[in-house]
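Structure first, commentary second.
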Amino acid sequence: MKWTGQDTVVYEKAKEYVDTAVIPLLPVAGGKEQQESVMMGEFTQYLTEYLEKQYMGRVYLLPPFTYLKEESGEEKKNRLSAWAAHFEKHGFKFFLFVTADMQWRKISVEEAGELVWIPAFSVHDMEPGKRHQAIEQQAQQIIPLMTQQWT
Amino acid sequence: MSEKKHRVSRRQFLTYTLTGVGGFMAAGMLAPMVRMALDPALEAGADSDFVSIGLSEDELSEEPQRVDFTVELDDGWYQSEQTQSAWVFRNGDEVMALSPICTHLGCTVNWGTNEDNPEEFFCPCHFGRFERDGTNIPGTPPTRPLDVYEVEVRDGMIYLGQINQRD
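Residue numbers (UniProt numbering), protein chains in the order written: chain H, 1 to 151; chain V, 1 to 167.
Rendered as structure tokens:
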């Protein structure tokens with residue numbers, strides 16, 4: 001399900017079935033690093049939207065967790081854990097964090113949920129059919145990490 | 001003589017011309033309105049609602065196969081392409097195309113991915129199951145069969161139309 005009014009209505013009725021939260025982790029930067037940051041963001045967005053589409057009955061795609069590049073690892077970790085804790089209190093059991101940002105490889109968030117790091121590629125200039133295929137391929141790598149938690 | 005009989009008086013001439021011109025003006029105004037009012041009715045029967053999936057009838061088997069195709073969506077001035085999928089197979093004499101959207105909560109179902117039930121559609125989210133013709137299996141979360149596409153075969157090629165619900 002998506003973060004939209006329509007989907008929250010469905011969610012209210014089917015709460016007990018939706019137990020997995022997917023949170024994209026997006027770095028935000030201006031200047032020289034802006035382009036890279038946008039590229040990562042776009043890629044992560046397509047990827048998580050694909051996951052949501054395939055598993056919409058069990059997965060809630062939350063708004064992205066954004067942070068400035070200079071924010072310390074400790075701080076990010078604490079904030080993200082707070083997000084997870086908050087949603088855990090409200091009925092979510094599993095958390096999947098999807099990111100293209102290398103920084104997260106050095107931060108351990110295992111207690112909060114499963115972290116997936118996937119190198120981004122530029123998607124904006126791809127032809128839609130190609131893009132769909134490429135994203136699907138990447139998503140196939142992540143899906144087992146998510147479904148394994150369920151069984 | 002006859003010329004005299006048929007002479008048109010000034011009054012008659014004016015009446016004729018005014019009626020004629022007035023009629024033209026009224027028709028000019030009404031015609032677009034009528035056309036607008038009828039337009040949706042004329043459009044509905046158009047063939048363009050059917051999309052080719054690039055698969056011919058001979059390529060089908062009893063085993064459902066997944067096809068992806070794109071549909072053009074018009075949302076106001078904004079045009080976009082949406083990728084849709086279908087499970088297509090031969091069911092007796094007819095060609096059947098099932099929507100892959102689970103009727104429980106909308107996850108995507110796959111054919112034969114559950115090892116215990118290889119001859120069924122399986123939803124990975126809450127383990128819903130469907131038979132080959134899309135009938136939901138009692139005791140699993142879905143409450144109605146998978147939706148079906150309208151299918152048309154033209155010159156051996158398969159075209160899919162709108163999605164219909166069954167219950």
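From the three backbone atoms N, C-alpha and C, an ideal C-beta is built for every residue, glycine too. Just so we're clear, the structure is a prediction, and the values are computed from it rather than from any experiment.
Residues that residue i contacts on chain V, provided the C-beta gap is smaller than 9 Å
| i | result |
| --- | --- |
| T48(H) | Near T48(H) there are no residues of chain V at all, since even the closest Cβ is about 15 Å away, more than 9 Å. |
Nonlocal neighbours in the same chain, by C-beta distance under 6 Å from residue i, ignoring five residues either side
| i | result |
| --- | --- |
| K69(H) | P27 and A29 |
| P145(V) | G134, T135, N136 and R166 |
| K76(H) | Y67 |
| T103(V) | P142 and R144 |
| T108(V) | P100 |
| I143(H) | none |
| V10(H) | none |
Neighbourhood of residue i by C-beta distance below 8 Å, restricted to the same chain and skipping five residues each side
| i | result |
| --- | --- |
| D101(H) | L25, L26, P27, M40 and W117 |
| V148(V) | M96, A97, L98, S99, G134, I163, N164 and R166 |
| T113(V) | F122 and P124 |
| F65(H) | I23, P24, L25, L26, R79, L80, W83 and F97 |
| L145(H) | L96, E114 and V116 |
| M126(H) | A134 |
| E111(H) | S81 |
| R105(H) | W117 |
| F87(H) | A21, L62 and F95 |
| L60(V) | V88, F89, R90, V95 and I158 |
Where residue i meets chain H, residues with beta-carbon distance less than 7 Å
| i | result |
| --- | --- |
| G106(V) | M56 and G57 |
Three-state secondary structure assigned by DSSP to residue i
| i | result |
| --- | --- |
| Y42(H) | Inspection of the sequence shows that residue 42(H) is occupied by Glu rather than by Tyr. Residue state, collapsed to three classes: helix. |
| E110(H) | coil |
| T8(H) | helix |
| T70(V) | strand |
| L105(V) | coil |
| D167(V) | coil |
| E94(V) | strand |
| G45(V) | The pLDDT assigned to G45(V) is 49, lower than 50, so where the model puts this residue is not dependable; a value taken from the coordinates is nonetheless given after this. In the structure shown, G45(V) sits in coil (DSSP, three-state: anything other than H, G, I, E or B). |
| M126(H) | coil |
| P147(H) | In the sequence as displayed, the identity of residue 147(H) is Thr instead of Pro. Helix, per DSSP. |
| P32(V) | helix |
| W104(H) | helix |
| M1(H) | coil |
| residue 184(V) | Since the first residue shown for chain V is 1 and the last is 167, residue 184(V) is missing from the structure and cannot be characterised. |
| A86(V) | strand |
| Q12(V) | helix |
| L55(V) | strand |
| I135(H) | helix |
| I142(H) | helix |
| A27(V) | helix |
| F121(H) | coil |
| A29(H) | coil |
7 Å Cβ shell around residue i - same chain, five flanking residues per side excluded
| i | result |
| --- | --- |
| T83(V) | D68 and T70 |
| I135(H) | Y46, L47 and Y50 |
| N91(V) | D133 |
| residue 169(V) | Here chain V has residues from 1 to 167 only, and residue 169(V) is not among them. |
| A139(H) | L47, Y50 and L51 |
| P118(V) | G112 |
| D7(H) | M1 |
| S37(H) | P27, V28 and A29 |
| V8(V) | none |
| R58(H) | Y17, V18, D19 and T20 |
Contacts that residue i makes with chain V (C-beta to C-beta distance below 7 Å)
| i | result |
| --- | --- |
| Y17(H) | L105 and H126 |
| H132(H) | T83 |
| P128(H) | E81 |
| T147(H) | P124 |
Under 8 Å by beta carbon: chain V residues contacting residue i
| i | result |
| --- | --- |
| A14(H) | L105 |
Practice item. Report yes or no: do the segment 21-35 of chain H and the segment 66-82 of chain V share at least 3 C-beta pairs separated by less than 8 Å? Key: no
Exercise for review: Count the CB pairs spanning the segment 137-157 of chain V and the segment 49-58 of chain V that are closer than 8 Å, and state whether there are at least three.
Suggested key: yes
Point to revise | Unbroken stretches of the alpha helix (DSSP H), 4 residues or longer, contained in the segment 33-80 of chain H | key: 34-54
Point to revise | Stretch pair the segment 130-144 of chain V + the segment 22-37 of chain V: three plus CB contacts closer than 8 Å | key: no
Exercise for review: Indicate whether the contact test is met: 3 or more Cβ pairs, each with one atom in the segment 36-51 of chain H and one in the segment 120-139 of chain H, closer than 8 Å.
Suggested key: yes
Check your understanding: If you pair each beta-carbon of the segment 51-65 of chain H with each one of the segment 12-22 of chain H, do three or more pairs fall below 8 Å?
Key -> yes
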